[in-house]
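Residue numbers (the working numbering): -9 to 939.
The C-beta atom is built at its ideal place from N, Cα and C for all residues, glycine as well.
Remember, predicted model here, so these are calculated numbers, not experimental data.
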């Protein structure tokens, strides 16, 4: 194992202890030449005035002051034990730990009057460099690198005279800002969080979910490192960059321990001052965590198969097949797409599939990743079902990986439609809200590196989302299907009759033992986590065909269902693409950016803008499947049905060529909010004509039609959509149409309908009249819709679907994902969509909005693209449908607010605005204030480049 350590002299301590006008006046050669290999410091004669220095700094930056960004709560994620104790006692916080929260929150309440000149009130200056009068601190951790932090946010601007020094500085700065979180993530990546941070059930849930999708031995991690190192010139450079980064991180650990100023969380979790050396394999472990959360896609075929069986049980074989296809709607003709007017066929179910391995009804059991429990580990096993109580919080959310929340949005307009003639972009990742944040911002300036933006802690040797010399880029989670489920036939090496408990499987004709991957965890109570002492093993069974997720029977034979992801064993391979994004010599055009994105195996939608062009590319290692196999259902683990050119040893296969990935250059505008990428590019459940991406598409489309789009106008479109209730804007009109204008004799019900109509006409927003009012402008209408939604969904569909089928479908797609995280009815869990999680910000990604809207339109006799298999509401009777809606609406209106919003540690029962509010989950000892709900990226850029290099 590689152990990178600084060699910076001295003994090493023991581990146990408005600039646009200026830009136009500058000659092009002077503007750009210094930047290609790492720019010099700003021009600085001793006699130069502050204005001259600012002008010189602007001259080095083609964005000319028009690049801005923000990442709440604050840059600083480091708190010593003394700082944590002071925070708990008197409420003080370390500097820059929450200073971006106010501007981020304020935009929601003030966006209607926004102008380009006012953007600085809500976003930070993302220009390169730091003017002398804005320098807060300077640190030289090594002779060849300087870390300059600015006064405004404390962001590190890392300038190296060598590439090695630049990366060393990046590691050092990462330690300054996120050491504790980096340590947490490397333990998650090894399935050992509870041993490190405490035995809280949330910690155990998280490490088990990681071990279910990305378990690796130390040899596995090292093999990924070596593959990067041996993959050509860029791979060798990436390997060296990571080594230098890790050396810088370890140098900071030495310094902070020596100064007795290390993060107080180590003490509170019982780790004292023991901080284990960071290694290059830690980087791979962290990459596996981030990839599992944000860059995965597909899987879930066992659940799909069970849903199809439930349809066939309810409607017969032929009718069930037809109904499943209609509800699954892999390619709903009404869905908003990011690419306009072009098909990119991928992962569609064939008409006559081969090799389908349908489980027998009642035979399927999920694999248990928690084994050999003792103490608190065993007692937690007794808590099952709804009566088990809330799971004690871990240092990170227990469902961080399993909650398949949609992430991020992007709005981008071509220069053909902007006021300046230059493209405008507003985009960023919607990664949740944490304190400290799970991303961090930095500037890198060294040979072959010129970038500023956000990265994940422990992976910040490159900027992952941000800006380069004269371009900017961002991404949204794409989630296309790169994971298939195979049914491996179980066997006994002795020749005995196999059962679902057998520990071997058939691999190309040979009975082969599963590889058992296990991590032992044990813990004791600490100041941070009082969970009683306990221990257990987190376990996964691995086959050549992937990781065991379930067992069951197919055609009477015992099988294990295994999930095979194309990027498994290749979590670190994407480093080459990110390296190119940071290299000004590699990214010189929209096409070169698209080419760089092809080196990223994770499933992301990539967006690019420079002064002249915009571009989009969907990345991911999309496997080429055997002809006529169905990626939506389990597949028999036989050679005839394997991926094309699949190598079981290396887990490599043929992948679809770049030309078959959704992409476009200079389209009039692009929007994405995790919606469908392109026509015929197969989508997940419930991706139909009502999607939160429609909120962006409608608004940006209107701006483009009007013309003269500015940064401020595009921010306004984003923020207006961020406050909208998707159900109210896109589905409530259909509900009110069915209710109609006929007289409603109940005066209370008539008043409720009037309130709903008024809310719809006013814009359907969940918004206070002014900041801190404490009450929404249309509070009662919003409350009623929150209660009504699960009631009407159940009343609309359950009578026809039946209890079992309804529960099966709601286990794949939750009926609701409201801001307050409640109101999900009596169905299943929603496939881990995080629908019941409160205070998370991101909302309205997955729900039954399309099902409801399409069915109501069908019942009213309207033509519907990609309709459901039959009318459901009122059994197809408009009168009975109307009666059901009125009955459930009356019930909703009579429900007390205290039941709708039952209260929690943050909010009193009945407090609607508080129930919706965003809470930055504390991942360390420092907490930050709540902010009002808005459905918006966490890290966000606003960019408009007026010039090229």
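Local Cβ density within 10 Å of residue i, reported as buried at 16 or more and exposed below that
{"i": "residue 419", "result": "buried"}
{"i": "residue 340", "result": "exposed"}
{"i": "residue 725", "result": "buried"}
{"i": "residue 695", "result": "exposed"}
{"i": "residue 958", "result": "Outside the shown range of the chain (-9 to 939) lies residue 958, about which nothing can therefore be said."}
{"i": "residue 740", "result": "exposed"}
{"i": "residue 84", "result": "buried"}
{"i": "residue 565", "result": "buried"}
{"i": "residue 105", "result": "exposed"}
{"i": "residue 942", "result": "As displayed, the chain neither begins before -9 nor continues past 939, which places residue 942 out of reach and without an answer."}
{"i": "residue 9", "result": "Caution applies to residue 9, whose pLDDT of 32 falls short of 50 and renders its modelled position unreliable; the value that the coordinates give is listed next. Flag for residue 9 reads buried."}
{"i": "residue 87", "result": "buried"}
{"i": "residue 294", "result": "buried"}
{"i": "residue 517", "result": "exposed"}
{"i": "residue 80", "result": "exposed"}
8 angstroms contact criterion, which residue i and residue j should meet: CB distance rounded
{"i": "residue 806", "j": "residue 837", "result": "5 angstroms"}
{"i": "residue 412", "j": "residue 422", "result": "At roughly 32 angstroms, the Cβ-Cβ gap does not stay under 8 angstroms, so residue 412 and residue 422 are not in contact."}
{"i": "residue 551", "j": "residue 559", "result": "In fact, because the Cβ distance is near 20 angstroms, the residues do not count as touching under 8 angstroms."}
{"i": "residue 914", "j": "residue 255", "result": "5 angstroms"}
{"i": "residue 492", "j": "residue 505", "result": "Rounded, the Cβ-Cβ distance is 14 angstroms, inconsistent with contact."}
{"i": "residue 196", "j": "residue 428", "result": "With a Cβ gap of about 13 angstroms, residue 196 and residue 428 do not count as contacting."}
{"i": "residue 854", "j": "residue 847", "result": "5 angstroms"}
{"i": "residue 663", "j": "residue 809", "result": "Not confirmed; about 15 angstroms, so no contact."}
{"i": "residue 936", "j": "residue 54", "result": "5 angstroms"}
{"i": "residue 857", "j": "residue 316", "result": "7 angstroms"}
{"i": "residue 668", "j": "residue 329", "result": "4 angstroms"}
Cross-strand partners of residue i (DSSP beta bridge)
{"i": "residue 148", "result": "137, 434"}
{"i": "residue 475", "result": "553"}
{"i": "residue 540", "result": "356, 551"}
{"i": "residue 903", "result": "None; residue 903 has no bridge partner."}
{"i": "residue 653", "result": "607"}
{"i": "residue 443", "result": "432, 456"}
{"i": "residue 510", "result": "527"}
{"i": "residue 908", "result": "921"}
{"i": "residue 755", "result": "714"}
{"i": "residue 415", "result": "402, 933"}
{"i": "residue 461", "result": "600"}
{"i": "residue 332", "result": "According to DSSP, which records beta bridges pairwise, residue 332 is partnered with nothing at all."}
Residue i and residue j closer than 7 angstroms at C-beta
{"i": "residue 612", "j": "residue 642", "result": "no"}
{"i": "residue 790", "j": "residue 890", "result": "no"}
{"i": "residue 677", "j": "residue 400", "result": "no"}
{"i": "residue 759", "j": "residue 925", "result": "no"}
{"i": "residue 384", "j": "residue 190", "result": "yes"}
{"i": "residue 649", "j": "residue 549", "result": "no"}
{"i": "residue 920", "j": "residue 909", "result": "yes"}
{"i": "residue 116", "j": "residue 58", "result": "yes"}
{"i": "residue 126", "j": "residue 140", "result": "yes"}
{"i": "residue 689", "j": "residue 932", "result": "no"}
{"i": "residue 446", "j": "residue 597", "result": "no"}
{"i": "residue 285", "j": "residue 593", "result": "yes"}
{"i": "residue 600", "j": "residue 461", "result": "yes"}
{"i": "residue 737", "j": "residue 291", "result": "no"}
{"i": "residue 887", "j": "residue 773", "result": "yes"}
{"i": "residue 672", "j": "residue 314", "result": "no"}
{"i": "residue 614", "j": "residue 629", "result": "no"}
{"i": "residue 214", "j": "residue 274", "result": "yes"}
{"i": "residue 528", "j": "residue 198", "result": "yes"}
is_contact[residue i, chain B] using C-beta, thresh 7 angstroms
{"i": "residue 462", "result": "Within the model displayed, chain B is absent; a lone protein chain is all it includes."}
key: contact_flag[the segment 744 to 754, the segment 713 to 720] where n(CB pairs < 8 angstroms) is 3 or more   = Proximity of the segment 744 to 754 to the segment 713 to 720 meets the contact definition, three or more beta-carbon pairs being nearer than 8 angstroms.
query = Is the segment 145 to 158 touching the segment 429 to 444, taking contact as three or more C-beta pairs under 8 angstroms?
reply = Short answer: they touch.
query = Using 8 angstroms as the Cβ pair cut-off and three pairs as the minimum, do the segment 265 to 282 and the segment 159 to 179 touch?
reply = With the cut-off at 8 angstroms, the segment 265 to 282 and the segment 159 to 179 touch.
key: the segment 452 to 468 contacting the segment 524 to 535, beta-carbon criterion three pairs below 8 angstroms   = A contact is defined here as three or more CB-CB pairs under 8 angstroms, and the segment 452 to 468 fails this definition with respect to the segment 524 to 535.
key: Segment contact flag, the segment 340 to 352 with the segment 674 to 688, C-beta cutoff 8 angstroms, min 3 pairs   = Contact fails: fewer than three Cβ-Cβ distances are below 8 angstroms.
The segment 166 to 174 in contact with the segment 55 to 74 per 3-pair CB rule at 8 angstroms = In this structure the segment 166 to 174 lies against the segment 55 to 74, because at least three pairs of beta carbons, one per stretch, are closer than 8 angstroms.
ask   = Between the segment 294 to 309 and the segment 232 to 245, are three or more C-beta pairs nearer than 8 angstroms?
value = Taking a cut-off of 8 angstroms on C-beta distances, the segment 294 to 309 does not touch the segment 232 to 245, as fewer than three cross pairs fall below it.
Any 3 or more C-beta pairs closer than 8 angstroms across the segment 303 to 318 and the segment 576 to 591 = Too few Cβ pairs lie closer than 8 angstroms, so no.
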